[in-house]
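Going by our numbering, the letters in the sequence shown line up with residues 169 to 788, in that order. Only one structure is covered here, and it is reproduced in the block below.
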Amino acid sequence: SSPHACGDGSKHGSKRVTFPSDEDIVSGAVEPKDPWRHAQNVTVEEILNAYRQACQKLNCKPIPKVLKQVQDLKDLTQRNECLELKGEKLDYRSCESLEEIFKRVQFKVVDLEQTNLDEDGASALFDMIEYYESTTHLNISSNRHIGTRGWQAAAHMMRKTSSLQYLDARNSPLLDHSAPFVARALRISGSLTVLHLENTNLSGRPLMLLATALKMNMNLRELYLAENKLNGLQDSAQLGNLLKFNYNIQNLDLRHNHILDSGLAYICEGLKEQRKGLVTLVLWNNQLTHNGMGYLAAALPYTQSLETLNLGHNAVGNEGVHKLKDGLIANRSILRLGLVSTKLSCEGAVAIAEFIAESPRLLRLDMRENEIKTGGLMALSLAFKVNTSLLRLDLDREPKKETVSCFIETQRALLADIQNGCKRNFILAKEKEETEQKMRQSVSIAEIAMEDQTQEDEDASAERSEEENSAGQGDATDEGSASESQEVNEQKPTLQDDSDSDTEDEEAAEEPKATANTTSPIEIPAINACKAVPSMSPLPGSPVTDASAVPRPPPSPSRCFSVSSPGRGHKIFMVTRVESPPEQQQTTVLAKGVSEWAAESQTCTQTNIKAPSQLFFFLV
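Spelled out as structure tokens, the structure:
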């Protein structure tokens with residue numbers, strides 16, 4: 169029987185489906201809501217009235233701090249500086265009333281520190297901030313009751329917003345059941361570049377989830393994980409693996425944890441993979457000892473980007489500094505070194521002085537709260553005889569107690585010498601910067617002049633080419649090439665004469681045995697013409713000048729010249745002169761100098777040295 173037949177033998181009538189014509193298919197459309205439809209030509213008074221009405225509707229009192237800050241708003245078309253609510257008690261109704269402000273005004277900073285947020289209030293605020301793109305910097309620190317739903321809303325905000333760059337959640341616990349939401353948000357490379365998670369109970373599974381997610385994050389630049397009781401086993405292993413895979417994090421702050429020497433070994437394994445990436449590593453107060461310095465010394469030669477290393481408040485000791493010294497000398501990037509309260513004495517200071525003498529790039533060194541007495545200060549003072557880079561050396565202001573009373577005055581004099589060395593280096597650095605600026609300006613002026621001349625030459629060449637036939641044009645091309653070669657050749661003797669005259673002046677002042685070598689001109693793009701010509705700094709391990717010699721700023725070994733080439737555009741040539749360094753003595757003279765100075769000091773002949781009434785500590 170037919171499948172359409174019914175029980176009584178009858179058949180259903182045929183069914184038809186019809187569609188309207190193309191222009192009638194869509195009868196209407198609804199545009200998505202514009203978050204900023206309320207912000208069109210709004211005034212401060214309108215914002216205040218809307219906020220007061222919302223508070224009245226929600227049966228809560230307007231916050232005086234909010235009223236005052238809104239009243240002070242000037243430009244409502246741009247992001248305003250800050251909405252600061254620190255210390256205010258925000259319940260759910262207070263948070264809901266703030267939407268009347270967020271829908272009309274954007275801020276650079278929204279400060280919600282210690283506002284007693286609960287799950288409902290936090291969820292509402294985070295949804296508003298995500299929807300209205302309310303801020304670029306958000307502080308939710310010291311809110312201990314955000315809860316799972318609050319962190320879930322925070323993770324959604326981190327993932328969806330395109331404006332949030334900075335999030336401070338310190339002292340706000342991120343527990344096991346909340347961590348997965350934040351980890352999933354961080355796995356996606358959003359706009360967030362700075363994340364503060366100090367004292368958020370991360371040790372264990374939360375850190376494992378966080379580190380695993382951050383391996384794939386490409387945008388985060390600064391990660392602060394202090395005071396999380398991170399241990400030297402699983403937690404440190406996770407951090408080491410993070411450093412192996414993530415080359416984008418530039419600042420890693422691990423202060424006040426329990427990394428220990430065992431954990432430092434994991435972190436150093438990751439450091440070896442950080443050829444380009446990590447710039448600042450803070451290991452302040454992590455129960456490190458001299459044993460851990462061996463791992464760090466082995467990793468330092470591999471790091472090419474690490475500029476700041478802070479080892480303060482660890483029992484490094486003299487033995488640890490001796491291990492660390494070789495790694496520091498082999499490193500090519502360290503600019504700032506923190507050794508506050510690291511159990512150093514004069515022996516450790518001598519090792520650091522050897523590093524100072526070898527380093528052509530160290531800018532700041534902090535050695536406060538250590539027992540560095542006369543011998544150590546002598547070594548540091550002698551190191552400044554050969555160092556021209558160190559701009560700030562922090563030492564204890566008051567001299568240490570000595571068995572010989574006359575050494576107190578010696579310490580004061582040495583402290584003054586060290587600070588004078590810092591000031592001298594600062595002056596040298598400033599003069600060098602001014603010289604480079606003048607060189608860039610002169611190159612810019614030369615470019616303008618050469619561009620005008622080049623334009624004139626091009627116009628003249630165009631006129632000649634119109635008058636000549638095709639064969640003549642070919643000859644003109646050959647003639648133009650010959651003209652270019654001739655002009656460059658005519659310019660070369662002048663450049664060589666400049667180099668020779670500079671070399672003769674340097675020989676008269678320093679009497680080096682090596683002769684000056686001049687490389688062939690190297691063509692560089694015009695866009696780089698205004699960049700500073702790099703100076704040739706002595707590399708660690710190369711001979712240094714005698715400790716008794718007064719250091720002078722080295723002459724600039726390279727110069728940049730602008731040469732025009734008619735008819736073929738503007739070209740920049742850089743002529744570089746490289747000189748072999750003069751024969752110099754090794755920095756082992758430091759140890760000899762310390763011994764001789766100490767022997768002389770025992771005669772108490774320094775009692776006639778007048779100590780400055782107040783030590784001047786040079787600050788950058």
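Quick reminder that beta carbons are idealized off the backbone N, C-alpha and C, glycines included.
Considering just the uninterrupted stretch of the alpha helix (DSSP H) at Phe294, what are its terminal residues?
Glu287 to Tyr300
Run through DSSP, which three-state label would Val278 get?
strand
Just grab the DSSP bridge partners of Arg504 for me.
Thr476 and Arg532
Unbroken alpha helix (DSSP H) run spanning His458, endpoints
His458 to Ala467
Report yes if the C-beta distance between Leu375 and Asp336 is below 7 Å; otherwise report no.
no
Classify Gln221: buried if its beta carbon has 16 or more other beta carbons within 10 angstroms, exposed otherwise.
exposed
Within 10 Å of its beta-carbon, does Ile586 have 16 or more other beta-carbons around it, so buried, or fewer, so exposed?
buried
Please return the same chain residues whose Cβ sits closer than 6 Å to the Cβ of Lys511, not counting the five positions on each side in sequence.
Ala483 and Gly485
With H, G and I counted as helix, E and B as strand and the rest as coil, what does DSSP make of Arg327?
helix
Quick one: what's got a C-beta closer than 7 Å to Glu298's C-beta in the same chain, skipping five residues either side?
His324, Met325, Lys328 and Thr329
Pull the bridge partners of Arg272 from the DSSP assignment, please.
According to DSSP, which records beta bridges pairwise, Arg272 is partnered with nothing at all.
DSSP state of Tyr415, grouped into three classes?
coil
Between the CA atoms of Tyr434 and Ile427 - distance to the nearest angstrom:
10 Å
Please classify Phe187 as buried or exposed, where buried requires at least 16 other C-beta atoms within 10 Å of its C-beta.
exposed
What three-state label does DSSP hand Leu583 in the structure shown?
helix
Check this for me: beta carbons of Asn307 and Glu281, under 7 Å apart or not?
yes
Just to confirm, are Ala551 and Ile595 a CB contact at a threshold of 7 Å?
no
Minimum C-alpha distance to Asn478 - residue among Met607, Asp534 and Gly462:
Asp534
By the three-class DSSP mapping on this structure, what secondary structure does Glu267 have?
helix
Endpoints, the beta strand (DSSP E) within which Arg373 is located
First-last for Arg373: Arg373 to Leu382, but that is the alpha helix (DSSP H), not the beta strand (DSSP E).
Of the residues Leu548, Ile231 and Val277, the one placed nearest Leu558, counting alpha carbons only:
Leu548
Kindly indicate which three-state DSSP category Leu563 falls into: helix, strand or coil?
coil
To which residues of the same chain is Ala292 closer than 7 Å at the C-beta, ignoring the five residues directly before and after it?
Tyr260, Cys263 and Glu264
In chain order, what residues of the same chain have a beta carbon less than 6 Å from the beta carbon of Val277, not counting five sequence neighbours either side?
Cys250 and His305
Can you look up Glu539 in the DSSP assignment and give me helix, strand or coil?
coil
Distance, Cα to Cα, Lys606 vs Lys598?
12 Å
What residue range is occupied by the uninterrupted alpha helix (DSSP H) comprising Tyr434?
Leu428 to Leu439
I need the DSSP call for Val450, collapsed to helix, strand or coil.
strand
Distance check for Glu301 and Asn832, CA to CA, integer angstroms please.
No answer is possible for residue 832: the residues shown for the chain start at 169 and end at 788.
Presumed contact (8 Å Cβ cut-off) between Asn409 and Gly372, rounded CB distance:
Their Cβ separation, rounded to whole angstroms, is 15 Å, which puts Asn409 and Gly372 out of contact at 8 Å.
Mapping DSSP to helix, strand and coil, what is His490?
helix
What residues are listed by DSSP as bridge partners for Cys250?
Val277
Helix, strand or coil for Ala483 per DSSP?
strand
Per the DSSP calculation, His345 is bridged to which residue(s)?
Looking at the DSSP assignment, His345 forms no beta bridge with any residue, so it has no partner.
N-terminal and C-terminal residue of the alpha helix (DSSP H) that Leu235 is part of:
Pro232 to Gln239
Tyr219 lies in the alpha helix (DSSP H); which residues open and close that run?
Val212 to Leu226
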